[in-house]
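Asks: Per my numbering, the first sequence starts with residue 2, numbered consecutively. Using N, Cα and C, we set each Cβ at its ideal position, and we do this for glycine too. The model shown is predicted, which means the values in this text are computed figures rather than measured ones.
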Amino acid sequence: MYRILQQRVHTHLQNTLKTKYDLDLAQIPMEQPPRIELGEIALPIAFELAKRLKKAPRAIATELADEIRGIEGVRDVEIAGAGYLNIRFDRAAAMQQIARGEHAGIGGDGFRLVEHTSINPNKAAHVGHLRNAILGDTFQRLLRSDNFKRGYDVGVQNYIDNTGVQVADVVVGFLHMEGKSVADVKTLLSELRASGTRIDYYLWDLYARVSQWYTADEAQTAARKEMRLATLHLVEEGNNPTAELADILATAVLERHLETMQRLGIEYDFLPRESEILHLHFWDAARREMIERGVLYEVTEGKNKGCWVMRRPGSTVSAEEVDEDAKVIIRSNGTVTYVGKDIAYHLWKFGLLPGKDFGYKKFHEYPTHTCWISTMHGEEPHPTFGKASWIYNVIDSRQNDPQANVVEALRGMGYDSAADHYVHLNYAMVALTPRCAIDLGYEVSEEDRTRAYIEVSGRKGFGVKADDLIDRLIAAAKVEVDKRHPELTEDERLKIATQIAVGALRYFMLKFTRNTVIAFDLRDALSFEGETGPYVQYAIVRATNILRKASVEQDEVLTQIQTTSAAAHLEGEENNSIWEIWLMTSRLTTVLAQAIETAEPAHLARYAFQLAQAFNNFYHRHPVLTEEDPTRRQLLLATAAIARRELIQTLHLLGMEAPPVM
RNA sequence: GCGCCCGUAGCUCAGUGGAUAGAGCAAUUGGCUACGAACCAAUAGGUCGGAGGUUCGACUCCUUCCGGGCGCACCA
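1) If we ignore side chains and look at the alpha-carbon of each, how far apart do D185 and D248 end up?
2) Tell me the residue span of the alpha helix (DSSP H) that contains R229.
3) Enumerate in chain order the residues of its own chain whose CB-to-CB distance from R515 is below 8 Å, with the five nearest sequence positions on each side excluded.
4) Does DSSP classify K181 as helix, strand or coil?
5) With Q7 and I42 assumed to form a contact (beta carbons below 8 Å), what rounded beta-carbon distance in angstroms separates them?
6) Below 7 Å CB to CB, which residues in the same chain sit around H486 once its five sequence neighbours on both sides are set aside?
7) Span of the alpha helix (DSSP H) holding A544?
8) How big is the Cα-Cα spacing for Q422 and F271?
9) For N241, which of helix, strand or coil comes out of DSSP?
10) What number of angstroms, rounded off, separates the C-alpha of C308 from the C-alpha of G656?
11) Looking only at DSSP bridge pairs, what is R274 linked to?
12) Looking only at its chain, what residues have a beta carbon closer than 7 Å to the beta carbon of E302, apart from the 5 residues adjacent to it on each side?
13) On the three-pair Cβ rule with 8 Å, is the stretch 58-69 touching the stretch 603-613?
14) For L687, which residues in the same chain have their Cβ closer than 6 Å to its Cβ, ignoring the five residues on either side in sequence?
15) Whose C-alpha, out of A389, H11, Y269, K306, is nearest the C-alpha of T369?
16) Over the uninterrupted beta strand (DSSP E) stretch that includes K362, give me the two end residues.
17) Indicate the three-state DSSP secondary structure (helix, strand or coil) for H127 in the structure shown.
18) Looking only at C-alpha atoms, which of G71, R399, G84, F386 sits nearest to A51?
19) Check for me: the alpha helix (DSSP H) holding V172 runs from which residue to which?
20) Do you know offhand how far N87's Cα is from I72's?
21) Go ahead and pull the three-state DSSP assignment for S119.
22) Let me confirm a value: K19 is counted as buried when at least 16 other C-beta atoms fall within 10 Å, else exposed. Which label applies?
23) Starting from the C-beta of S333, find all residues in its chain whose C-beta is less than 6 Å away, skip the five residues before and the five after it, and write them out in chain order.
24) Three-state secondary structure (DSSP) at G504?
25) Mind checking which residues open and close the beta strand (DSSP E) that includes C437?
26) Helix, strand or coil for I135 per DSSP?
27) Go ahead and pull the three-state DSSP assignment for E79.
28) Ordered along the chain, which non-local residues of its own chain (more than five positions away) have a Cβ less than 7 Å from that of Y620?
29) Measure the alpha-carbon distance for P535 versus Q28 and round it to whole angstroms.
30) Hey, A502 and A478: beta-carbon distance below 7 Å or not?
31) Starting from Y416, follow the alpha helix (DSSP H) in both directions and report where the run begins and ends.
32) If I follow the unbroken alpha helix (DSSP H) through S578, where does it start and stop?
33) Check Y393 in the structure and name its three-state DSSP category.
34) Give me the Cβ distance between V300 and M311, rounded to the nearest whole Å; I'm assuming they're in contact under 8 Å.
35) Do the stretch 95-111 and the stretch 137-156 touch if we need at least three Cβ pairs shorter than 8 Å?
36) Shortest alpha-carbon distance to L665 belongs to which of G464, R113, T651, A209?
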């Protein structure tokens, strides 16, 4: 509702400025006054206009105030401070609109492709991967059509680098470091499966060991590096026993990753794999296009002689000079680099790779939909995932430069629209605090002990595994639920503990803005108090309890309040904490729109916490059930109901559930 | 060396150029016969890294310096 009024004021003011002063302002800054007594919307517009109109801000504000006063839903306009225009809502009317669920629309046309998770399938997922997946999954929820908003048509992809060097590394580990045969490894895998040992955990250790092994013996280093390269080539080539082993391992780990993510409510629509990008020759088509469009050219002199290269973004080298800084796309031996393959893949995403598409086959069934995987020759019919109008790549900030290269290639090829609709949804890494690393039993060097944080590393086997963290969170929540709700069955208590654990973890990963390095500390992550997911969930439980004890239904209360004249109970200082709840709930769409625009789910997470905080304040200040005035009681019940409804809605957008009790 | 990011309360973090810079944690104090305290209230805690500049107005924009991080492959 808040956003509707914002938009109304915005349009009205734009027209007024046009007719009154002949001014065109694209943006009219709007904020919330610092205290609720001052009103609901504050406009600092008069300051901006002062110099252009050569008038005092207060004088301008006075002239504009009369114009705004007539807007539907505005009860009053006041000039405050040096020239703020403070708008007061008609609280009773606003409340009824809020109760009816009126809010501005969000959404539009076009297919939006969100890609996240994309963990190399050679080891267990760790906290860094969790940040990626939770960020991507939440953003996808903000965009997607649901019962709250029209939203957009969204597809979620998880890119699988099943033929990369990291998968090759674990293959080397088995075949060369441990001297096993392909048959030996297959036997081992079935033994692991039989004993319930997680393959991703097993490979976590193997990967760390093989990474060390390459350089452990100086006399062997060159030979081992060669083995690594030879293995990589076999894996890429396919149709050989080594590649078959790589595929078995990568698929087994992928299945584990999907299970891990599903514990957090994270699902995918499509799993494009590098093996198909290679074998379906996406690159050949991309290369032709790039050469035709003059983006890719051969170097005949200098250090990159014999390579095919493209200019880097921001390059100032003229066409006559040799661009020594250019990005190599095709090596002098004729093979394509990672960025080249990535350009081909991204042309496909936008439907710009003529005649190329993946084959699709079903890979995993979720309760509500199918997850497809790429293959050479797929099933019909299948959904379409290319031809996106917007893409969002959730990839950490360390890949800013490579991502910028891909965008530069699109732009250079003349695909400006694609380049403009390519969002690198980047975020800073997750690191461990030295204390956390020591608590987890890692050896920490003297130097690392003095650092603020230590980067996690799959190659070093250093980090907190995702499933371990989830297990610990569930265990911690379960202790509390067992204590508080002995009357519930074991299954019920476990379910609630899981909802709390997932809520805590998702909130923890979302409360930081994207470019903040998360210095991960178990103690903070395992906390259920203060600014946490469970705090928000608990506020909902409290509202639920009030409604239950009053023997009323949330929606019924919210329907009744629409025909109740409760205006008197919304005004005045003692009632501000009631009105504040309504006002805050009405801002959900405003915050959601902002979170989408800035690709910053943290805004919505913080909003959830602030609304829960306001509700807890209301809860302590206004006893609902003992209220004697029937009208006021009805309003208080409706206030609990609206807080509950909108908190649940917000948590839903964040991928968190509201437990029935806590 | 070049590029990008970050320096805000003891700690972890918010803060679209606008009103008195805010939360959480930790500390101190008070509040449970329950609408369940996974909570609330109060106190204390700040030269917003330093210095210039732009502006009616700067934590926010620009320049520069200091401190920290991350990138700068014919790796992926």
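Replies: In short:
1) 16 Å
2) Looking at the DSSP string, the run of the alpha helix (DSSP H) that includes R229 is 219-238.
3) L136, L426, N427, Y428, A429, A600, E601, A603
4) Reduced to three states, the DSSP call for K181 is coil.
5) 7 Å
6) R494, V662
7) 534-550
8) A small fix is needed here, since residue 422 is His in this sequence, not Gln. Cα to Cα, H422 sits roughly 20 Å from F271.
9) coil
10) 47 Å
11) Beta-bridge pairing links R274 to I161.
12) Excluding residues within five positions, the ones whose Cβ falls inside 7 Å are V323.
13) Fewer than three pairs of CB atoms, one per stretch, sit closer than 8 Å, so the stretch 58-69 makes no contact with the stretch 603-613.
14) Not covered by the structure: residue 687. The range shown for the chain is 2 to 663.
15) Y269
16) 360-366
17) strand
18) G84
19) 166-173
20) 13 Å
21) In this structure, S119 counts as coil in the three-state DSSP scheme.
22) exposed
23) G307, C308
24) helix
25) Here C437 belongs to no beta strand (DSSP E); instead the alpha helix (DSSP H) covers 435-440.
26) helix
27) Here E79 sits in strand by DSSP.
28) Here the set comprises R543.
29) 38 Å
30) yes
31) Per DSSP, Y416 belongs to no alpha helix (DSSP H) and is neither H nor E.
32) 577-587
33) strand
34) Rounded, the Cβ-Cβ distance is 11 Å, inconsistent with contact.
35) yes
36) Since the first residue of the chain shown is 2 and the last is 663, residue 665 is not available in this structure.
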